[in-house]
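Asker: If you're matching them up, the sequences are chains A and B in order.
Each residue of the first sequence is one higher than the one before, starting from 6 at the first, in my numbering.
Each residue of the second sequence is one higher than the one before, starting from 6 at the first, in my numbering.
Protein chains: 2
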Amino acid sequence: MSDVIIAGLGQTPVGEHWELSLRSLAVKAMLAAIKDSGGLRPQALFVGNMLAPALSRQAHLGALLADFGGLHPGDEQDRVHRAGIEAETVEAGGASGAAALRQGYMAVASGLVDVALVVGVEKFTDVVGPEVEAALATATDGDFEAIQGVTPTAQAAMLARRYMHEFKVPTDGLAGFPLTAHANGAGNRHAMFHKAISLEAYHKAEPVSDPLNMFDVAPNADGAAALLLTRAELLPKELQHPRVRIAASASASDTLGLHNRLDPLWFAAAQVSVEQALRKAGIQREQVDLFEYHDVFSIFAALSLEAAGFAPAGQGWKLAADGAIGLTGQIPCATLGGSKARGNPGGATGVYQAVEAALQLQGRAGPNQIAQARVAMIQSLGGPASTAITHILERQGN
Amino acid sequence: MSDVIIAGLGQTPVGEHWELSLRSLAVKAMLAAIKDSGGLRPQALFVGNMLAPALSRQAHLGALLADFGGLHPGDEQDRVHRAGIEAETVEAGGASGAAALRQGYMAVASGLVDVALVVGVEKFTDVVGPEVEAALATATDGDFEAIQGVTPTAQAAMLARRYMHEFKVPTDGLAGFPLTAHANGAGNRHAMFHKAISLEAYHKAEPVSDPLNMFDVAPNADGAAALLLTRAELLPKELQHPRVRIAASASASDTLGLHNRLDPLWFAAAQVSVEQALRKAGIQREQVDLFEYHDVFSIFAALSLEAAGFAPAGQGWKLAADGAIGLTGQIPCATLGGSKARGNPGGATGVYQAVEAALQLQGRAGPNQIAQARVAMIQSLGGPASTAITHILERQGN
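Laid out in structure tokens, this is it:
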């Protein structure tokens, strides 16, 4: 199989896009990625989305976005006018964007598709209030969890409480995660929040679901991000930016219901997918220059670091408390703000993570640039690591 | 790329499964496919589903079904207990099952996955009445069609009316499609209806959306079907059934909104995907022994036959009227009842079609067996061919 290269990338700012529809949001990112590639034309579109059927009453996003993105071959005189491009939606809860990236990677790596466009999109602001939480709960085990009123936030709170009890973590032990995220969001113009927060602000924050406060829970927000993938041999000779390849893609799942796990504090699927990805890429964990974890809840960031092998069980929070995940730390994380400060665009998150990691490896991360970054690991989670998808990106050449 | 072989298949009867949940239904088909393969263990699960987020408030089916299907490596002493298998959902409206099959095909063909399980599942009977039609309408262009009250059935009725006008088709010109489907359903124990119908019954049937009557519209019903895919070199030497390979897989899309087409009576995406599939398989149209079209509406069957090149534009209905699509006709279609008599399990349909085509090629189609069938073409549509996915299956050896 040939190398799969990220030939272009695009993203909208994350936020409350009241003025943009789901389709407009997605198309903005898609066109930006095509432009960034120098105009490569995709033959396939893979859409990562989690909630459009529930929140926007819109499924079948593949055909919708291929059309509105103007991706069809355009001879209007011909019988086959405006038809042609392959288009499908891939869903795996909060890991939907990463799942779409993985399908795009498989399509291109296999040689079945030459150029694939991957777009992650989520639109929360078409509805308000409890409908959003109900939609998010469709990604949990409906018959055993949602039906009892257990929302994803409540689940995360229970995990955090247990984590604090089990490993003797102080009540503000997770604060390092949002502090790092908000410090990094300041340097990302696509982020929802651009202001660093203090530990004092964390202490004063309103509780959301005890012990999680407002800063432990990423804000649901609208956004779309896109990646254009192709094989190395199909690239134009002159690339505008340094070449980044997808060195590995690995996906694993665990029980959807958190109550079905022997050890809820161990993200087993995350461990499996990280180990598979490292093996496939032929890369040692120590070579990873930055780690884009899935910090939709601060407790998830801690458990992700542990499952990925960057910290022993129960010690992930210390990496945040000690500054090891900062931009100049031992293992920089959430380098452009993560879900907490960039904002959490649901099923688009995995593509945002990949866009941000690629920007780092291409030296385009602006004030947040990690010096000499060559290898990035991205981990996307659906639910409490019910789905865990890991990608490793690597910069080629100089 | 190596040949991708259908190593096992399974299906539940199609019908109103009030006693079975979405997950139970899917797991039945999954376990049947694994058993049929002689017990091959999949490393990846691709779920085709269209409506679970809307009808069952359940997304994230990949992780759910991997767990409930018992697909995880099972060492409960280990930290990685019950985690491991890759699992994602693929959605493309009514073509969701075929889209999942295509992803499974890509995963196995590329060498990234050795054994993939594909399951299509749909559960309609958790809700009743207008909620179902509203859910189905999420697969149309919500902002321009559903919001005006245009349902998929109303769209199909408009297409049928225009077809009759444009090509001077008698008002009962489409009757041959349901007559053939119901004649064939009689021989399929998994079908919802087992009784042939007469032209007289067709004439007397209640209108649904003029000019379509009850027999022009396939009944929404619960069902799940599954296929186990692997590469030729990984198969056990002794196979229980003749070997069937996926000779080609091709997917194309068209505008989601029917009103955006220059010629609504031409299923351009279907044409594109059929031509790509024939080219990829190196097979001539004349070699196709049976065609499983997407007859969720009788007018779709006519337009599918035309787009696939089995009849000129406006003449597809004659193949049904003349008996050419019957079991011993020139191009047998809906050989085990099609969506009309087997029942229409929404996003599971594409997998049912593939299971039925494989049964034909393996000589396991019972009273409906097509003599010496070696090549089958399957076409799955999402919306009015907004998505069109074509697979070609071929029997190998004797």
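For each residue, glycine too, the CB sits at the ideal point set by N, CA and C.
Nearest-angstrom Cα distance between Gly-387 (chain B) and Arg-284 (chain B)?
Answerer: The residue labelled residue 387 (chain B) in the question sits at position 382 within the second sequence. The residue labelled residue 284 (chain B) in the question sits at position 279 within the second sequence. Distance between the alpha carbons of Gly-387 (chain B) and Arg-284 (chain B) is about 22 Å.
Asker: Shorter than 8 Å from the beta carbon of Val-85 (chain A) to some beta carbon of chain B?
Answerer: Taking the first residue of the first sequence as 1, we reach residue 85 (chain A) at position 80. Its pLDDT being 47, under 50, Val-85 (chain A) is placed unreliably by the model, and the measurement read from it follows with that caveat. Judged by the 8 Å Cβ criterion, Val-85 (chain A) is in contact with chain B.
Asker: Using the beta-carbon of each residue, which ones in chain A are nearer than 8 Å to Ala-144 (chain B)?
Answerer: Residue 144 (chain B) sits at position 139 when you count from the first residue of the second sequence. Going along chain A in sequence order, the residues near Ala-144 (chain B) (Cβ under 8 Å) are Ala-64 and His-65.
Asker: Show which residues of chain A have a CB atom less than 7 Å away from the CB atom of Gln-108 (chain B).
Answerer: By 1-based counting over the second sequence, the position of residue 108 (chain B) is 103. Those within 7 Å of Gln-108 (chain B) in chain A are Gln-108.
Asker: What residues match up with Gly-99 (chain B) in a beta bridge as DSSP calls it?
Answerer: Counted from its first residue, the second sequence places residue 99 (chain B) at position 94. Its beta-bridge partners are B:Ala-97.
Asker: Can you tell me whether Asp-8 (chain B) is helix, strand or coil according to DSSP?
Answerer: Counting from one through the second sequence, the residue named residue 8 (chain B) turns up at place 3. Coil, per DSSP.
Asker: Alpha carbon to alpha carbon, how far is Trp-23 (chain B) from Asp-227 (chain B)?
Answerer: Within the second sequence, the letter at position 18 stands for residue 23 (chain B). Within the second sequence, the letter at position 222 stands for residue 227 (chain B). Approximately 9 Å, taken between the alpha carbons.
Asker: Start and end of the beta strand (DSSP E) containing Ala-381 (chain B)?
Answerer: Within the second sequence, residue 381 (chain B) is the residue found at index 376, counting from 1. Ala-381 (chain B) -> beta strand (DSSP E) spans 380–387.
Asker: Among the candidates B:Arg-28, B:Val-124, B:Gly-13 and B:Ser-385, whose CA atom is the shortest distance from the CA of Ile-39 (chain B)?
Answerer: As a working mapping, residue 39 (chain B) is identified with position 34 in the second sequence. The option with the nearest alpha carbon to Ile-39 (chain B) is B:Gly-13.
Asker: From the DSSP secondary-structure annotation, give me the bridge partner or partners of Gly-13 (chain A).
Answerer: Here residue 13 (chain A) corresponds to residue number 8 of the first sequence, with the count starting at 1. Answer is A:Leu-233, bridged to Gly-13 (chain A).
Asker: What are the boundary residues of the alpha helix (DSSP H) that Glu-127 (chain A) is part of?
Answerer: By one-based count along the first sequence, residue 127 (chain A) stands at place 122. From DSSP, Glu-127 (chain A) is part of no alpha helix (DSSP H) but of the beta strand (DSSP E) over 120–127.
Asker: Taking just the CA atoms, how far does Gln-16 (chain B) sit from Pro-135 (chain B)?
Answerer: By 1-based counting over the second sequence, the position of residue 135 (chain B) is 130. By 1-based counting over the second sequence, the position of residue 16 (chain B) is 11. Answer to the nearest angstrom: the Cα atoms are 28 Å apart.
Asker: Using a Cβ-Cβ cut-off of 8 Å, state whether Val-277 (chain B) counts as contacting chain A.
Answerer: Here the question's residue 277 (chain B) lines up with position 272 in the second sequence. Yes, because at least one Cβ of chain A sits closer than 8 Å to the Cβ of Val-277 (chain B).
Asker: Could you give the distance in angstroms between the alpha-carbon of Ala-142 (chain A) and the alpha-carbon of Ala-180 (chain A)?
Answerer: The residue you call residue 142 (chain A) lines up with position 137 of the first sequence. The residue you call residue 180 (chain A) lines up with position 175 of the first sequence. Rounded to the nearest angstrom, the two C-alpha atoms are 26 Å apart.
Asker: Let me know if Ile-5 (chain A) comes out buried or exposed under the rule of 16 or more other beta-carbons within 10 Å of its beta-carbon.
Answerer: With chain A running from 6 to 403 in the structure shown, residue 5 (chain A) is simply not present.
Asker: What does Glu-399 (chain A) pair with, by DSSP beta-bridge criteria?
Answerer: The residue given as residue 399 (chain A) occupies position 394 in the first sequence. Note: Glu-399 (chain A) sits in a beta bridge opposite A:Arg-250 and A:Val-380.
Asker: Could you please tell me which residues of the segment 237–266 of chain A, in chain order, have their CB closer than 9 Å to any CB of chain B?
Answerer: Cβ contacts with chain B come from Ser-254, Ala-255, Ser-256, Ala-257, Ser-258, Asp-259, Thr-260, Leu-261, Gly-262, Asn-265 and Arg-266.
Asker: Chain A beta carbons: is any one of them nearer than 8 Å to that of Pro-58 (chain B)?
Answerer: Walking along the second sequence from the start, residue 58 (chain B) turns up at place 53. Judged by the 8 Å Cβ criterion, Pro-58 (chain B) is in contact with chain A.
Asker: Quick check on DSSP: helix, strand or coil for Glu-21 (chain B)?
Answerer: The sequence position of residue 21 (chain B) within the second sequence is 16, counting from 1. Coil at Glu-21 (chain B), not helix or strand.
Asker: Within the 8 Å Cβ cut-off, does Glu-91 (chain B) reach chain A?
Answerer: The residue you call residue 91 (chain B) lines up with position 86 of the second sequence. Taking Cβ atoms only, chain A reaches closer than 8 Å to Glu-91 (chain B), which makes this a yes.
Asker: Scan the segment 111–127 of chain B for residues whose Cβ lies nearer than 9 Å to a Cβ of chain A and list them as they occur along the chain.
Answerer: Going along the segment 111–127 of chain B in chain order, one finds Met-111, Ala-112, Ala-114, Ser-115, Gly-116, Leu-117 and Val-118 with a Cβ nearer than 9 Å to chain A.
Asker: Are the CB atoms of Thr-145 (chain B) and Leu-56 (chain B) nearer to each other than 8 Å?
Answerer: Residue mapping note: residue 145 (chain B) aligns to position 140 of the second sequence, counting from 1. Residue mapping note: residue 56 (chain B) aligns to position 51 of the second sequence, counting from 1. Against a cut-off of 8 Å, the Cβ pair of Leu-56 (chain B) and Thr-145 (chain B) comes out as no contact.
Asker: How about Leu-5 (chain A) and Ala-381 (chain A): are their beta carbons less than 8 Å apart?
Answerer: Only positions 6 to 403 of chain A appear in this structure, which leaves residue 5 (chain A) out of reach.
Asker: For His-264 (chain B), which option in B:Pro-389, B:Ile-288 and B:Leu-106 has the closest C-alpha, if you only look at C-alpha atoms?
Answerer: Working through the second sequence from its first residue, we reach residue 264 (chain B) at position 259. Closest by alpha carbon: B:Pro-389.
Asker: Could you tell me which residues DSSP pairs with Glu-91 (chain B) in its beta bridges?
Answerer: The residue you call residue 91 (chain B) lines up with position 86 of the second sequence. Beta-bridge pairing links Glu-91 (chain B) to B:Ala-49.
Asker: Which residues bound the beta strand (DSSP E) around Leu-295 (chain A)?
Answerer: For the purposes of this step, residue 295 (chain A) is identified with residue 290 of the first sequence, where counting begins at 1. Segment 295–297, the beta strand (DSSP E) holding Leu-295 (chain A).
Asker: Note down, in chain order, each residue of its chain lying with its Cβ closer than 8 Å to the Cβ of Leu-60 (chain B), except the 5 sequence neighbours on either side.
Answerer: To locate residue 60 (chain B), count along the second sequence from 1; it is residue 55. Taken in chain order, the residues that qualify are Lys-128, Phe-129, Asp-131, Val-132, Glu-136, Val-137 and Ala-140.
Asker: Excluding sequence positions up to five away, which residues of its chain have a Cβ less than 7 Å from the Cβ of Val-301 (chain B)?
Answerer: Translated into positions along the second sequence, residue 301 (chain B) becomes position 296. Same-chain partners within the cutoff: Gly-99, Ala-223, Ser-344 and Asn-349.
Asker: Contact criterion: CB-CB distance below 8 Å. Does Gly-190 (chain B) meet it with respect to chain A?
Answerer: Walking along the second sequence from the start, residue 190 (chain B) turns up at place 185. Answer no: the Cβ-Cβ gap between Gly-190 (chain B) and chain A never drops below 8 Å.
Asker: Starting from Val-213 (chain B), trace the beta strand (DSSP E) both ways and give me its first and last residue.
Answerer: Within the second sequence, residue 213 (chain B) is the residue found at index 208, counting from 1. Its beta strand (DSSP E) spans residues 212–214.
Asker: By Cβ distance below 6 Å, which residues in the same chain neighbour Glu-399 (chain B) in space, the five residues on each side in sequence not counted?
Answerer: Counting from 1 along the second sequence, the entry for residue 399 (chain B) is found at position 394. Here the set comprises Arg-250, Ala-252 and Val-380.
Asker: Under three-state DSSP, which class holds Thr-354 (chain A)?
Answerer: As a first step, residue 354 (chain A) is located in the first sequence; it is residue number 349 there, counting from the start. It is helical.
Asker: Helix or strand or just coil, what does DSSP make of Phe-198 (chain B)?
Answerer: By 1-based counting over the second sequence, the position of residue 198 (chain B) is 193. Phe-198 (chain B) falls in the coil class under three-state DSSP.
Asker: For Leu-25 (chain B), collect the residues of the same chain with a Cβ closer than 6 Å to its Cβ; drop the 5 residues on either side in sequence, then sort them by chain order.
Answerer: Within the second sequence, numbered from 1, the residue matching residue 25 (chain B) stands at position 20. Closer than 6 Å at the Cβ level, and outside the excluded window around Leu-25 (chain B), lies no residue.
Asker: When burial is assigned at 16 or more other CB atoms within 10 Å of the CB, is Ile-383 (chain A) buried or exposed?
Answerer: Stepping through the first sequence from its first residue, residue 383 (chain A) is reached at position 378. Ile-383 (chain A) should be labelled buried.
Asker: Could you give the DSSP three-state label for Ala-325 (chain B): helix, strand or coil?
Answerer: Position 320 of the second sequence holds residue 325 (chain B). Residue state, collapsed to three classes: helix.
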